[in-house]
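Mind the numbering: the sequence shown is residues 115 to 283 in our numbering, read in order.
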Amino acid sequence: MSLRGAVTVWIPLMLFLSTAGWMAVAGSVPVWFSGTALVVGFALSGDPVVRLILHIARDLEAQRRKTMAIITAGRSTELTAADAAGPGEPVGPPLRGGLVIGVLERLSVMACFVLGFPNGVAIVVAIKGLARYGEFTTGHQREQFLIGTLASLLWAGAGAGLVLVISAT
């Protein structure tokens, strides 16, 4: 098991299970614990969720290219991966620092929502976009950035919503 897997899967799982176990035994969990556990758990567990969504997006793009190549070529035979990729632009190097940047982004977004400052999300997105802008060399990287950011923001919003629901009870 890699360190990334331990940090993004096992730690959040332990936080969620300890909160659920405490709630099952005691009937209620103090907000200081459940809120913190959920915020940290959602911030860390967002990485595998975002990676899954990016993987699905890559598969859909490859399937679209394969279909277009078949239609264009007028044939219905199986294509190789090189044929399916087509003459598109190169993928380029991967964007670095995604784990740390993603965790910080999700923590910031959840803090904005939980503390009642939803406008702060726009500030977080603007800072991230400006900081990453110079790194984009291909359309693939821009697409990866957009899909990853939106998935991360949705995951953080779900976590913040859960914290607000639990803290209201």
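Note that beta-carbon positions come from the ideal geometry of N, C-alpha and C, so glycine has one too. These numbers were taken from a predicted model, which means no experiment stands behind them.
Asked                                                                                            : Found
Span of the alpha helix (DSSP H), counted from its first residue to its last, around residue 223 : 212-228
Residue 259, enclosing alpha helix (DSSP H) - first and last residue                             : 253-282
Nearest-angstrom Cα separation, counted from residue 130 out to residue 152                      : 7 Å
Residue burial classification, residue 274 (beta-carbon count within 10 angstroms, cutoff 16)    : buried
Coil, strand or helix - residue 250 by DSSP                                                      : coil
Given residue 279 as reference, the closest of 162, 145 and 261 once Cα atoms are compared       : 145
Residue 84 (DSSP reduced to helix, strand or coil)                                               : Any property of residue 84 remains undetermined from this structure, which presents the chain solely from 115 to 283.
Status (buried if at least 16 other CB within 10 Å, exposed otherwise) for residue 139           : exposed
Rounded C-alpha distance that separates residue 143 from residue 171                             : 38 Å
Reduced DSSP secondary structure (H/G/I, E/B, other) of residue 159                              : helix
Member of 167, 218 and 148 whose CA lies at the smallest distance from the CA of residue 282     : 148
Neighbour-count burial assignment, residue 116, 16 or more Cβ in a 10 Å radius                   : exposed
Nearest candidate by alpha-carbon position, reference residue 121, set 150, 157 and 177          : 157
Integer-rounded CB distance, given that residue 155 should sit under 8 Å from residue 223        : At roughly 14 Å, the Cβ-Cβ gap does not stay under 8 Å, so residue 223 and residue 155 are not in contact.
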